[in-house]
Every structure is written in C-alpha cells, then in structure tokens.
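Residues in the sequence shown are numbered consecutively from 16, following our numbering.
One structure is given below, encoded as structure tokens.
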Amino acid sequence: LLPLISLNAFGGAMLSFVYSMSETSVGITLGSINMEQAPITAFMKEVLMSAAGSINIAAALGVLLIVVQITAIVVVNIITKQRYSFIGLT
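In structure tokens:
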C-alpha cells in the first residue's frame with residue numbers, strides 16, 4: 016500500500032511547499048512575532064520599504080519566488096507523471 020501512495024504524498028508535500036512560500040495571511044502573524052519566520056513576500060515588503068533603490072532587490076526576490084514555485088511544480092509533474100496539472104487540468 017505504501018508504494019501506491021508515496022508519490023502522491025510527495026507531490027502533495029511539494030505543492031504545499033509551493034503555496035507556503037507565498038502565503039501571506041499566516042505569514043504576517045508569524046512575521047510580526049519573528050521576522051525570520053515570515054514568508055518571502057513579507058520580507059519583500061520590508062526590503063521595499065527600507066531604502067531607496069530597494070525596489071530592484073524586491074523585484075529580484077519576486078523573480079526568485081516565481082522560479083522556485085515553477086521548479087517545484089515541474090518536479091512534482093515529472094515525479095507524479097501528470098502532464099497538465101501545471102495549467103490546472105488533470
């Protein structure tokens with residue numbers, strides 16, 4: 016039974032990772048307690064509000080977030096052998 020569900024459990028864990036990277040509702044609460052536990056979007060806001068010229072750093076962090084999310088989705092698609100889950104079709 017474990018070999019049947021192991022790929023699905025891994026796929027679910029990777030997709031949970033993707034969505035937790037950009038989650039802001041819980042992250043704002045965690046970030047207000049300790050900034051080290053905030054998601055990357057809260058850190059982007061802090062960088063954006065910090066100094067002049069920091070919009071470039073925030074934009075680079077946004078691109079990094081997009082690359083990490085797309086990479087995780089592609090890895091999940093390859094491992095679970097789903098062709099169209101990237102665009103929402105199964």
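Cβ atoms here follow ideal geometry from the backbone N, Cα and C, with glycine treated the same way.
If you draw a straight line from the C-alpha of Phe11 to the C-alpha of Leu79, how long is it?
Any question about residue 11 goes unanswered here, given that the chain covers just 16 to 105.
Return the chain-ordered list of same chain residues with a C-beta closer than 8 Å to the C-beta of Glu51, the five sequence neighbours on each side being excluded.
Start at 1 with the first residue of the sequence shown, and residue 51 comes out as number 36. Hits under 8 Å: none found.
Taking its Cβ as the centre, do 16 or more other Cβ atoms sit within 10 Å of Gly68, making it buried, or is it exposed?
On the sequence shown, residue 68 is found 53 positions in, with the first residue counted as 1. Here Gly68 is exposed. Its C-beta has fewer than 16 other C-beta atoms within 10 Å.
When you compare only the Cα positions, how much space is there between Ile93 and Ala87?
Here residue 93 corresponds to residue number 78 of the sequence shown, with the count starting at 1. Here residue 87 corresponds to residue number 72 of the sequence shown, with the count starting at 1. When the Cα atoms are used, Ile93 and Ala87 turn out to be separated by approximately 10 Å.
Buried or exposed: where does Val91 fall if 16 or more other Cβ atoms within 10 Å of its Cβ makes it buried?
Walking along the sequence shown from the start, residue 91 turns up at place 76. The residue is buried, with at least 16 neighbouring Cβ atoms inside 10 Å.
Using the rule of at least 16 other Cβ atoms within 10 Å of the residue's Cβ for burial, across every protein chain shown, is Thr105 buried or exposed?
The residue labelled residue 105 in the question sits at position 90 within the sequence shown. Model confidence at Thr105 stands at a pLDDT of 48, short of 50, so the residue's coordinates are unreliable and nothing is read from them.
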